[in-house]
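Peer 1: If you want my numbering, it's the 1-based position in the sequence shown plus 676. Note that beta-carbon positions come from the ideal geometry of N, C-alpha and C, so glycine has one too. Below is a structure I'd like to ask you about.
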Amino acid sequence: MMESLCRRCFTRIASQSRRSFASVATSSAAAPAESPVEPLIDFEAPEEAPSYDDFLPDYKRPASSFQLAASTVISRAPMLTRELTPFETEFYFYQRRLDKRLVKPFVRNFYFKPGTLAYDEWRSKRVGMKVYNPYGGEHWKDELRYGDGPQDDENMDYDSLVKYTVSGEDISASDTEEEIAAKKLMTKPLPRETEADLKNDTRSLNRKLARTLYLLVKRGDRENNTWKFPQANIEGRENLKQAAEGILTKGCGNDMNYWMVGNVPIGYYDYQLPDGKAKGENGQWTGKKVFFMKARIFAGRPKLLGNKANITDYQWLTKEEIEGVVEKDYWKAIRRMLVTR
């Protein structure tokens, strides 16, 4: 009966046996000893986990029909704040308009004295702008009709911020050479869409800066050349973390600066091999169990030239993009491990 137990149940039974032996020894010490009895277990010895060899020297672990593998889920964290939802965009726009209507009107003569260069530059920026005038005869008529866009001083998109803030386009003829040089050195705010987004370069880490990207690779020896996370079989006595790091080194080179988040897997996936595709020396492996290990990349990029894992291509994809390139069974196994943002 003991030979049919798994290791977890066997360890639990052995631990309970130790506690029962301790109770017997305690009760024997309290009662008058009639004859010296040798303890069954040396309680002064350091506590060690029981093994099969202690109780069943002839026990042999049953051979598993699954081959073990480790897969690395390496990701790049978001670098920008997330995009606003349509409801959030409308809400903040409403609050911005409400604040502008409730605050005291801007007194321009207090900040810009008429006849000064600062006043002329401020007026040149306001030429052609559609703004709310609280002093006009129709100051009450400021509601937006259906289909109307925001006024120029209420628009907070990238083009408006660059045009009316630090664009450097307010250089006037009266500026000195030092002032012109200082205005030209003003750095513009970077757009949220990069060149990699415009070209749809899935090999670049400079895309989808507001989303989490995951590394997927394609192997030349894999059937149908399906996309998966970097994956390698566990060889010898190496653990999951060592196997996950090994596939990144063998398949992606040493040019990536990354960090393994932990020592335990974040997901699990098993499948049966097709008929006639059993692996192993004697064909004992009829399936595979894959454990996913989490990692983060800081900088660098995969180097596929001369890799030992037969990786032919790679991509950095978001969660939604991954669903479109992987197999359905694989997606069902990994979808809950991937963050939405």
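Thinking just about the alpha-carbon of each residue, which of Gln918, Thr878, Pro941, Leu756 is nearest to the one in lysine 965?
Peer 2: Locating residue 965 in the sequence shown gives position 289, where the first residue counts as 1. Ranking the options by Cα distance to lysine 965, first place goes to Pro941.
Peer 1: How would you label threonine 925, buried or exposed, when you count the other beta carbons within 10 angstroms and need 16 or more for buried?
Peer 2: Position 249 of the sequence shown, counting from 1, holds the residue named residue 925. Threonine 925 is exposed by the Cβ-count criterion.
Peer 1: Determine the extent of the alpha helix (DSSP H) in which aspartate 1005 is found, giving its start and end residues.
Peer 2: Locating residue 1005 in the sequence shown gives position 329, counting from the first residue. 1004 to 1010 is the extent of the alpha helix (DSSP H) around aspartate 1005.
Peer 1: In whole angstroms, give me the CA-to-CA distance for leucine 981 and threonine 962.
Peer 2: Translated into positions along the sequence shown, residue 981 becomes position 305. Translated into positions along the sequence shown, residue 962 becomes position 286. Distance between the alpha carbons of leucine 981 and threonine 962: 33 Å.
Peer 1: Would proline 906 and threonine 757 qualify as a contact pair, given that the criterion is a beta-carbon distance under 7 Å?
Peer 2: Looking up residue 906 in the sequence shown gives position 230. Looking up residue 757 in the sequence shown gives position 81. No.
Peer 1: For the putative contact between aspartate 877 and lysine 884, defined by C-beta atoms under 8 Å, what is the C-beta separation to the nearest angstrom?
Peer 2: Locating residue 877 in the sequence shown gives position 201, where the first residue counts as 1. Locating residue 884 in the sequence shown gives position 208, where the first residue counts as 1. About 11 Å; that fails the 8 Å criterion.
Peer 1: Report back the beta-carbon spacing between leucine 891 and tryptophan 798 to the nearest angstrom; my notes put them in contact at under 8 Å.
Peer 2: For the purposes of this step, residue 891 is identified with residue 215 of the sequence shown, where counting begins at 1. For the purposes of this step, residue 798 is identified with residue 122 of the sequence shown, where counting begins at 1. About 50 Å; that fails the 8 Å criterion.
Peer 1: Rounded to the nearest angstrom, what separates methionine 1013 and arginine 773 at their Cα positions?
Peer 2: Looking up residue 1013 in the sequence shown gives position 337. Looking up residue 773 in the sequence shown gives position 97. One C-alpha to the other measures close to 41 Å.
Peer 1: Report all residues from its chain with a CB closer than 6 Å to the CB of alanine 1009; omit the five preceding and five following residues, and keep chain order.
Peer 2: In the sequence shown, residue 1009 corresponds to position 333, counting from 1. The answer, listed in chain order, is Tyr945.
Peer 1: Cα separation between aspartate 775 and threonine 852?
Peer 2: For the purposes of this step, residue 775 is identified with residue 99 of the sequence shown, where counting begins at 1. For the purposes of this step, residue 852 is identified with residue 176 of the sequence shown, where counting begins at 1. Cα to Cα, aspartate 775 sits roughly 38 Å from threonine 852.
Peer 1: What are the partner residues of serine 800, as DSSP defines its beta bridges?
Peer 2: Looking up residue 800 in the sequence shown gives position 124. DSSP lists no partner for serine 800.
Peer 1: Please report the Cβ distance between leucine 866 and arginine 752, rounded to the nearest whole angstrom; I am assuming they are in contact, meaning their Cβ atoms lie under 8 Å.
Peer 2: Sequence index remark: in the sequence shown, residue 866 carries index 190 (1-based). Sequence index remark: in the sequence shown, residue 752 carries index 76 (1-based). Not confirmed; about 17 Å, so no contact.
Peer 1: Tell me, please, which residues DSSP counts as bridged to lysine 970.
Peer 2: As a first step, residue 970 must be located in the sequence shown, where it is residue number 294. Bridge partners of lysine 970: Val749.
Peer 1: Which whole-angstrom value is the C-beta distance of asparagine 933 and alanine 971, which I expect to be below 8 Å?
Peer 2: The residue labelled residue 933 in the question sits at position 257 within the sequence shown. The residue labelled residue 971 in the question sits at position 295 within the sequence shown. Actually they are not in contact, since the Cβ atoms of asparagine 933 and alanine 971 sit about 11 Å apart, beyond 8 Å.
Peer 1: Would you call the CB atoms of glutamate 1003 and threonine 870 closer than 7 Å?
Peer 2: Start at 1 with the first residue of the sequence shown, and residue 1003 comes out as number 327. Start at 1 with the first residue of the sequence shown, and residue 870 comes out as number 194. Not closer than 7 Å, so no.
Peer 1: Alpha carbons only, please: which of Tyr768, Gly927, Met755 is nearest the one belonging to arginine 868?
Peer 2: Sequence index remark: in the sequence shown, residue 868 carries index 192 (1-based). Out of Tyr768, Gly927, Met755, Met755 has the C-alpha closest to the C-alpha of arginine 868.
Peer 1: Take valine 1015 and list the residues in its own chain whose beta-carbon comes closer than 6 Å to its own, dropping the five residues that flank it on each side.
Peer 2: Looking up residue 1015 in the sequence shown gives position 339. Excluding sequence neighbours, valine 1015 sits near Thr888.
Peer 1: Tell me, to the nearest whole angstrom, how far the beta carbon of valine 893 is from that of isoleucine 998; I am working on the premise that it is less than 8 Å.
Peer 2: For the purposes of this step, residue 893 is taken as residue 217 along the sequence shown, with counting starting at 1. For the purposes of this step, residue 998 is taken as residue 322 along the sequence shown, with counting starting at 1. That pair is no contact at about 12 Å.
Peer 1: Do you know how far the Cα of phenylalanine 782 is from the Cα of glutamate 764?
Peer 2: For the purposes of this step, residue 764 is taken as residue 88 along the sequence shown, with counting starting at 1. For the purposes of this step, residue 782 is taken as residue 106 along the sequence shown, with counting starting at 1. Whole-angstrom Cα-Cα distance: 27 Å.
Peer 1: Would DSSP call tyrosine 811 helix, strand or coil?
Peer 2: Reading the sequence shown from its first residue, position 135 is the one you call residue 811. It is coil, neither helix nor strand.
Peer 1: Once you ignore the five residues that flank glycine 943 on each side, which residues in its own chain have a CB closer than 8 Å to its CB?
Peer 2: Here residue 943 refers to the residue found at position 267 of the sequence shown. Within the same chain, glycine 943 has close Cβ partners Val749, Phe967, Phe968, Ala1009, Ile1010, Arg1012, Met1013.
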